[in-house]
Amino acid sequence: MSQNNQPSRYDDSNIFAKMLNGDIPYHKVYEDDKTLAFMDIMPQAKGHVLVIPKQKAVDLADLQPEYAAAVLATSQKVMAAQRQVFDREGVIQMQLNGAQAGQTVFHYHIHLLPSSIHELGRHAVTQADSDELATIAKQLAEAIDNQ
Ligand code: 5GP
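At position 128 of the sequence shown the residue is numbered 127 (numbering that gives the first Met the number 0), and the sequence of numbers has no breaks.
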């Protein structure tokens with residue numbers, strides 16, 4: 000993970016840092032040299048994916064431009080896959096900055112939700128079935144491979 004411009008407020012023990020270090024498992028959708036995309040374990044919609052930079056950024060304020068570009072490029076791939084797999088155009092892009100905004104994991108991430116703002120489930124409350132997440136992750140990964 001990039002050490003450049005590491006903000007002193009970044010906590011290396013956050014859950015996404017542990018994923019990037021290979022310390023805890025996750026259902027991977029896509030990975031490249033600057034980003035990782037995986038299934039949200041407490042989805043607010045079926046197919047809820049998180050995209051993170053391999054940079055120690057707490058929120059948008061810390062994100063280096065090259066990682067911002069990379070995270071958006073990966074988000075475009077994921078959204079195209081979601082549109083194909085779930086056969087729907089509508090996908091929400093969401094990103095929270097700071098606990099006051101409701102952020103709960105302090106490593107920058109974009110939420111991509113195949114849903115409507117009027118139908119979203121509650122934020123980070125109900126854990127999904129792991130087998131179902133694995134199946135969706137595989138479908139999305141295959142769709143990205145075929146892009
Ligand atoms: P935030 O509140 O920071 O915008 O979003 C954090 C997201 O991370 C939530 O949607 C929550 O469900 C998800 N999350 C929290 N812990 C884990 C975990 O251990 N694994 C995965 N895959 N997602 C997590």
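From the three backbone atoms N, C-alpha and C, an ideal C-beta is built for every residue, glycine too. Nothing here was measured: the structure is a model prediction, and the numbers come from that model.
Between the C-alpha atoms of residue 49 and residue 79, what's the straight-line distance to the nearest angstrom? 14 Å
Can you have a look at residue 54 and say buried or exposed, based on whether 16 or more other CB atoms are within 10 angstroms of its CB? buried
Cα-Cα separation between residue 30 and residue 131, rounded to whole angstroms: 20 Å
Could you pull out every residue in the same chain whose Cβ sits closer than 7 Å to the Cβ of residue 70, ignoring the five residues on either side in sequence? Here the set comprises 34, 50, 52 and 109.
Does the ligand 5GP have even one heavy atom less than 6 Å from the beta-carbon of residue 56? no
Based on the DSSP secondary-structure assignment, which residues constitute the bridge partners of residue 110? 49 and 93
Simplified DSSP state of residue 125, which is helix, strand or coil: For residue 125, the secondary structure class from DSSP, reduced to helix, strand or coil, is coil.
Proximity test, residue 102 beta-carbon vs the ligand 5GP heavy atom, cut-off 6 Å: yes
Buried versus exposed, by CB contacts within 10 Å (16 or more), residue 124: exposed
By the 10 Å Cβ neighbour count, where 16 or more other Cβ atoms means buried, how is residue 101 classified, buried or exposed? exposed
Drop a sphere of 10 angstroms on the beta-carbon of residue 61, count the other beta-carbons inside from all chains shown, and report buried for 16 or more, exposed for fewer. buried
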